[in-house]
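Engineer: Counting with our numbering, you get residues 3 to 300 for the letters of the first sequence. The beta carbon of each residue, even a glycine, is placed where N, CA and C say it ideally should be. Everything numeric in this text was worked out from a predicted model, so none of it was measured.
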Amino acid sequence: MPELPEVEVIRREIEPLIKNKTFDVPVLYMPSTVDYPSPDEFTTSLPGRTAKNARRKGKYLLIDLNDGILAIHLRMTGSLLYKEESVNHEAAAEESAKTNETIPADQRFLRLAMPFTDGSVLHFSDMRRFGRVWLVENEEQLQTIVLKNVGPDLLNDLCCEEFIELLQKRKRSQLKALLLDQGFAAGMGNIYTDECLFRCGIHPRRQAETLSPADAEQLYRSIQDVLADGIEHGGTTFRDYRNSSGALGDFQSRLAVYGRKDEPCSCGAAIEKITAAGRGTYYCPRCQAEQTGEEGCD
DNA sequence: GCTTACCTGTCG
DNA sequence: CGACAGGTAAGC
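The following block contains the structure:
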């Protein structure tokens, strides 16, 4: 579900709420949610550690502890919810069974509850079970175990010149594939990639080496702008995304192409859906024309 | 590169 | 019922 803006929204919300709070014993409803260390080791070694601040690299949320780092990736449908008070889930489930209520998704798909000693709690829920959590002891473990294939963060780690340098090393790549490649640069996902390429008028299948220096700079600006806009509007709720207090994002109302197959672009042309880099890809055939041929043959 | 697998749900 | 879904790792 979440791409960089959604993770950043959660990070900003959560940081002041958990700062200087000490973890109590977590409840691991689905052991495979913890990727490192073993589920048992995770459960016994988290209690007593204190949250200091929350950072982000690409789509990874990183909570620095007084000792070690808690890393979280929400993948497709994960959510991280903060609650002021712990609730007894089994009792709540029984209660809703009696009254025929639907169990809210965050309880039904609860994978890991991480209470603090003050009674507040972080809930990691995930319908599709792709999301993962890691507890590492230091920055070196973070890099080798969690972030081994993650490139520089698109918002925090790259200026325009550095971005263009990276582009030049990947001349043969399709732009859509390149932007989705977290090893190239981290943070873009399927929605923001399509929106970004629309904003700079670049066809998703275009090859990196066909970009002029001006195109490349435009691409960088569009990435910065679309990510900033996503954050400003609280992220995109296309289906499942919720922020850490359960609220919906708002950026979906501003999507220019994503999810809008056959609808008119602002230019009047019908938006098309194709497959690029193995993903459903939306674009405007007029605003994002393919390369016009002459230099296409080598 | 592309495909498959990982999961569960929703939509056509 | 099949196709597809905000992500990524692993397999040709």
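If you drop the 5 nearest sequence neighbours on each side, which residues of the same chain put their C-beta closer than 6 Å to that of glutamate 265?
Structural biologist: The residues are Ile273.
Engineer: With respect to the alpha helix (DSSP H) encompassing serine 81, which residues constitute its N-terminal and C-terminal limits?
Structural biologist: First-last for serine 81: 80-85, but that is the beta strand (DSSP E), not the alpha helix (DSSP H).
Engineer: Using C-beta distances below 6 Å, list every residue in its chain close to glutamine 184, excluding the 5 sequence neighbours before and after it, in chain order.
Structural biologist: Correct list, in chain order: Gly60 and Val152.
Engineer: Do the segment 193-205 and the segment 127-140 make contact, defined as three or more Cβ pairs closer than 8 Å?
Structural biologist: No, because fewer than three Cβ pairs between the segment 193-205 and the segment 127-140 fall closer than 8 Å, the two stretches do not touch.
Engineer: Check whether the Cβ atoms of leucine 6 and glycine 232 sit closer than 9 Å, and answer yes or no.
Structural biologist: Yes, Cβ-Cβ distance for leucine 6 and glycine 232 is below 9 Å.
Engineer: Would you check if the distance between the CB atom of asparagine 245 and the CB atom of glutamate 17 is smaller than 9 Å?
Structural biologist: No, they are not a contact pair.
Engineer: Whole angstroms is fine: what's the gap from isoleucine 166's alpha carbon to glycine 237's?
Structural biologist: Going from the Cα of isoleucine 166 to the Cα of glycine 237 covers about 27 Å.
Engineer: Tyrosine 284 by DSSP, collapsed to three states: which one?
Structural biologist: Tyrosine 284: strand per DSSP, three-state reduction.
Engineer: Are the CB atoms of alanine 187 and aspartate 155 nearer to each other than 9 Å?
Structural biologist: Taking 9 Å as the Cβ cut-off, alanine 187 and aspartate 155 qualify as a contacting pair.
Engineer: Mind checking who leucine 30 pairs with in its DSSP beta bridge?
Structural biologist: Answer by DSSP bridge pairing, in chain order: Leu114.
Engineer: Measure how close the beta-carbons of histidine 125 and lysine 85 come, nearest whole angstrom, since I'm counting them as under 8 Å.
Structural biologist: Between lysine 85 and histidine 125 the Cβ distance is about 7 Å, and since that is below 8 Å, they are a contact.
Engineer: Is the segment 188-195 close to the segment 207-223, with three or more CB pairs under 8 Å?
Structural biologist: These segments do not touch.
Engineer: If you reduce the DSSP assignment to three classes, tell me which class asparagine 22 lands in.
Structural biologist: In the structure shown, asparagine 22 sits in coil (DSSP, three-state: anything other than H, G, I, E or B).
Engineer: Could you give the distance in angstroms between the alpha-carbon of phenylalanine 25 and the alpha-carbon of leucine 112?
Structural biologist: So the alpha carbons of these two residues sit roughly 18 Å apart.
Engineer: Please classify glutamate 43: is it buried, with 16 or more other beta-carbons within 10 angstroms of its beta-carbon, or exposed?
Structural biologist: So glutamate 43 counts as exposed.
Engineer: If distances are taken between C-alpha atoms only, which option among Ile225, Leu157 and Ser47 comes closest to glutamate 197?
Structural biologist: The shortest Cα separation from glutamate 197 among Ile225, Leu157 and Ser47 belongs to Ile225.
Engineer: Just to confirm, is the Cβ distance from leucine 168 to leucine 157 under 9 Å?
Structural biologist: The answer is no: Cβ separation not under 9 Å.
Engineer: Can you find the residues in the same chain that come closer than 8 Å, C-beta to C-beta, to glutamate 296, ignoring five residues on each side of it along the sequence?
Structural biologist: Bear in mind that a pLDDT of 45 at glutamate 296, under 50, signals an unreliable position, so the number given afterwards is only what the model happens to contain. Result list for glutamate 296: empty, nothing under 8 Å.
Engineer: Helix, strand or coil: which one does DSSP assign to glycine 57?
Structural biologist: Glycine is not the amino acid found at residue 57; the sequence shown has arginine there. If DSSP states are grouped into helix, strand and coil, arginine 57 belongs with the strands.
Engineer: To which residues of the same chain is isoleucine 65 closer than 6 Å at the C-beta, ignoring the five residues directly before and after it?
Structural biologist: Excluding residues within five positions, the ones whose Cβ falls inside 6 Å are Ala53, Ala56 and Leu72.
Engineer: Under DSSP, the alpha helix (DSSP H) around threonine 45 begins and ends at which residues?
Structural biologist: Note, threonine 45: alpha helix (DSSP H), 41-47.
Engineer: If you count every other CB in all the chains shown that lies within 10 Å of the CB of alanine 278, and 16 or more means buried, which is it?
Structural biologist: The residue is buried, with at least 16 neighbouring Cβ atoms inside 10 Å.
Engineer: Provide the residue span of the alpha helix (DSSP H) that contains threonine 239, from first to last.
Structural biologist: Taken as a continuous stretch (DSSP letters only), threonine 239 belongs to no alpha helix (DSSP H), as it is neither H nor E.
Engineer: Can you give me the C-alpha to C-alpha distance between glycine 121 and isoleucine 20, rounded to a whole angstrom?
Structural biologist: Their Cα atoms are separated by approximately 11 Å.
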